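See structure below.
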Amino acid sequence: MMTPTPILEAPLFTPSLLQTNRFAARPLTNAQLRLGLDTIAANWQESGLALSALPPLLDLTHRYRAFAASPDWREIARAHPIAQQLLQDPLTQAMFHRPTADAPEAELLDLALAHPSTRHRVAQATPLGLKVRLFTHELETAVALRERRRIMAHAIDDTISKTPKAAILMLGCGHFRALELSMRAGEAGRILAIDPRDACLEVVRSQNASITPIETLCEAPGRMIARPLRFGRFDLILVPGLLDGMEDPAAGRMIAALASALRPGGQILVAAMARGIRCDGYLDAFMDWQPVLRGEEDMQALMQHAQGSDIASRVVFHGSNGAMLYGTARRRG
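Residue numbers (the numbering used here): 12 to 344.
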């Protein structure tokens, strides 16, 4: 009697299969995930740990975040041996083991920015960890975070060039690394940095001691919603990362409140992670980070909360690699 040939419930995984609609159009099983991770890990080892073998991992986890048949796909990915290799990367490890899961700490964002303050932490990484760091350094979110820093710095300088003694607010400032790139911050009339973590504000104060108009306030950003004018009015209000941890109702109320705190001619600039990023599954599975992702229409709807006949314009645009969305609202001057 012949032994029946086992029938696989799922097709064998290949990187090219990830690019097909057939792979994405049905629920994906945990068996497929294990097989996919096995294949990627084997290819990575056979390539001599070449970074070119890792992009299929982004495709695999991206599809699973969208189409997994079971919610425990993250645990399957984290239990695979490749996860322990990826966690040797300083950024992946720091994100996954951060104290609170609601949002990355400012120190972790510094790793994504490749800020000089993180050199000691990077120097402690294993050789494999340093190699994986080259991979995560080029993740679209990391590239977008570095660009966000430059965009915020440019907004500061542009506002100061047009408005002598401008008043500027950074809400949820973290370490306010954008200020370090500003060429004209010392010419501002007032710069207020608000964050709920005094340790972050201490870094802001120490790194920008020469900028006399800077003030720091340890305060939950959500308090702005209830009393938006308690800190005065501003020519520029920057909100770099708060939207990543806020659902639309709260985000809309915050934007409405901030719009009411603008001076004539003043502008809000907010940023949010964009929906559809290729690395969202990697962030979810291996960094335990699930930011609120938004599409262009979502950001447009949020900016409509900046209401009033004195709102002259609302603009939504993508960053250069499409991984970050920006929204602006300007009060009539």
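Just so you know, even glycine gets a beta-carbon here, dropped at the ideal spot from N, CA and C.
Given the structure is predicted, the values throughout are model-derived calculations rather than measurements.
Nearest neighbour of residue 265 by Cα position, chosen from 284, 232, 295, turns out to be 232.
DSSP, reduced to helix, strand and coil, places residue 303 outside both helices and strands of the structure shown, so it counts as coil.
DSSP places residue 151 within a helical segment (H, G or I) once states are collapsed to three.
Per DSSP, residue 257 lies in no beta strand (DSSP E) segment and is marked neither H nor E. If you compare the alpha carbons of 106, 180, 117 with that of residue 144, the shortest gap goes to 106. Excluding the 5 residues flanking it on each side, residue 207 has same chain C-beta neighbours closer than 6 angstroms at 231, in chain order. Residue pairing by DSSP places residue 325 opposite 340 in a beta bridge. Residue 72: member of the alpha helix (DSSP H) spanning 66 to 78, first to last residue. Counting the other CB atoms within 10 Å of its CB gives residue 137 a total below 16, which places it among the exposed residues. Distance from the CA of residue 247 to the CA of residue 193, rounded to the nearest whole angstrom, comes to 14 angstroms. For residue 293, the CB contacts under 6 angstroms within the same chain, skipping 5 residues up- and downstream, are 69, 72 in chain order. Beyond the five residues adjoining it in sequence on each side, residue 180 comes within less than 6 angstroms, by CB distance, of 203, 245, 248 in the same chain, given in chain order. Across the set 330, 47, 269, the C-alpha of 330 shows the shortest separation from the C-alpha of residue 282.
For residue 282, DSSP records a beta bridge to 337. Between the alpha carbons of residue 340 and residue 309 lies a distance of about 15 angstroms. Your pair residue 303 and residue 258 checks out as a contact, with CB atoms roughly 6 angstroms apart and the cut at 8 angstroms. Between the alpha carbons of residue 186 and residue 209 lies a distance of about 10 angstroms.
In this structure residue 91 is buried. Its beta-carbon is surrounded by 16 or more other beta-carbon atoms within 10 angstroms. Nearest C-alpha to residue 221 among 169, 211, 195, 162: 195.
If only uninterrupted alpha helix (DSSP H) runs of at least 4 residues are considered, those enclosed by the segment 76 to 144 are 84 to 90, 92 to 97, 101 to 107, 117 to 124, 130 to 134. Between the alpha carbons of residue 335 and residue 160 lies a gap of roughly 12 angstroms.
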